[in-house]
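Here's the structure, in structure tokens; my notes come after.
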Amino acid sequence: MPDWMSLHDAYGSAESAGAMLDALDAGAGIAEVDWDELWSRLCHQSTVYTASVHALPYLLRAALRGSPETRLEPLVLAGAIVAHGDDVPVVLPGHAQVLQSLDDCTVQTLRQRRDAPGAETDVVYLLQAVLAFRGERLWSRHLAGVLQGELSGVCPACRSDLYIVIDDAQAFVTDQEWIGGRSVPTAPIDGGDRPPASEAEAWLLGMAQTHGGALAEKLPLLFGTSRCTHCGAALEIGEAVRLAS
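Per the working numbering: the sequence shown = residues 3 to 247.
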């Protein structure tokens, strides 16, 4: 059992976060946990702390005990911790096995949840978690931008800030604020037909096709191309998002 008082969360000593995790481990139901509080302590504004990594086995055990409907909270929090934990050293025995078990549980939950009514949001967050467990940093951090219909980008050529819009009605890049009915220059996003550039990309695109619907249309655009409306240079959407990170 970790010495929570010697570890840190967003507010200092991790004693309170540890007490919540110990209660979860002792049998408290997932619905009984204040997940907003736990998120705030362990992954506050995408910042991860020494206590956060120690929480991963607890989150795994909670997910394994939960149902497909209740696993989302522990799995997605675990994914966010892994996605943003580059600067926190991992000294836990069996850490690789914990990540593999989290991956397995999340993939199983994806299969169980993908056909549930209104499950698109859950699916995106679970996809993001799997990418984190597999070491794919870019989309494990930014994939959820498709739910809001917009991601931030930076032009690789001129370094202008870009809006990357991917919603149900349109997909384009612009360097100007576009919300509110303003007429601004836009460049369409071409999803293209190129082969996947990595195993993670191939898996993600395959899952999007399996899920179907809007995801099958939106996610390929993340691996597409467009141009900067400020300087006219061609760009890859993924590179523009990476530069904005």
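Even for Gly, the Cβ is constructed at its ideal location relative to N, Cα and C.
What does DSSP give as the partner residues of residue i in its beta bridges?
i: Y165; result: S154, T176
i: L237; result: S228
i: P190; result: F174
i: H10; result: S15
i: C45; result: V50
By Cβ distance, which residues of its chain are closer than 6 Å to residue i, with the 5 residues on each side in sequence left out?
i: L224; result: I239
i: A210; result: L217, A218, L221
i: D177; result: S162, L164, T231, H232
i: L140; result: R244
i: S48; result: H86
i: T188; result: F174, T176
Output needed for residue i: all residues of its chain with C-beta closer than 8 Å, excluding positions within five of it in sequence on either side, in chain order.
i: A30; result: none
i: S200; result: E138
i: C160; result: C230, H232, C233, A235
i: A28; result: none
i: S247; result: L140, R143, H144
Using the beta-carbon count (16 or more within 10 Å), is residue i buried or exposed?
i: R143; result: buried
i: C45; result: buried
i: L157; result: What sits at residue 157 in the sequence shown is Cys, not Leu. Burial call: buried.
i: R43; result: buried
i: L149; result: exposed
i: D5; result: exposed
i: D80; result: Here the sequence assigns Ala to residue 80, which means Asp is not the residue at that position. The residue in question, A80, is buried, as its Cβ has 16 or more Cβ neighbours within 10 Å.
i: D38; result: exposed
i: Y51; result: buried
i: M3; result: exposed
Tell me which same chain residues have a C-beta within less than 7 Å of the C-beta of residue i, skipping the five on either side of it?
i: I32; result: A64, G68, T72, E75, P76
i: A204; result: P198
i: P190; result: A173, F174, S228
i: S15; result: M7
i: W41; result: L79
Taking only beta-carbon positions, decide if residue i is within less than 9 Å of chain D.
i: S42; result: This model lacks chain D altogether; it includes just one protein chain.
Quiz item: Are the stretch 114 to 133 and the stretch 178 to 188 touching, with three or more C-beta to C-beta distances below 8 Å?
Solution: With the cut-off at 8 Å, the stretch 114 to 133 and the stretch 178 to 188 do not touch.
Practice problem: State whether the stretch 160 to 168 contacts the stretch 121 to 139, with contact taken as three or more CB pairs (one from each stretch) at a distance under 8 Å. | Solution: Flag = no, the stretch 160 to 168 and the stretch 121 to 139 do not touch.
Quiz item: Three or more beta-carbon pairs under 8 Å between the stretch 169 to 181 and the stretch 100 to 107, yes or no?
Solution: In short, these stretches do not touch, since the Cβ pair count stays below three.
Quiz item: Using 8 Å as the threshold, is the stretch 79 to 86 in touch with the stretch 42 to 58, meaning 3 or more CB pairs across them?
Solution: Output reads yes: the stretch 42 to 58 touches the stretch 79 to 86.
Quiz item: Where are the alpha helix (DSSP H) runs, 4 residues long or more, that stay fully inside the stretch 78 to 159, in chain order?
Solution: If we require 4 residues or more, the alpha helix (DSSP H) runs fully inside the stretch 78 to 159 come out as 97 to 115, 122 to 135, 139 to 144, 147 to 150.
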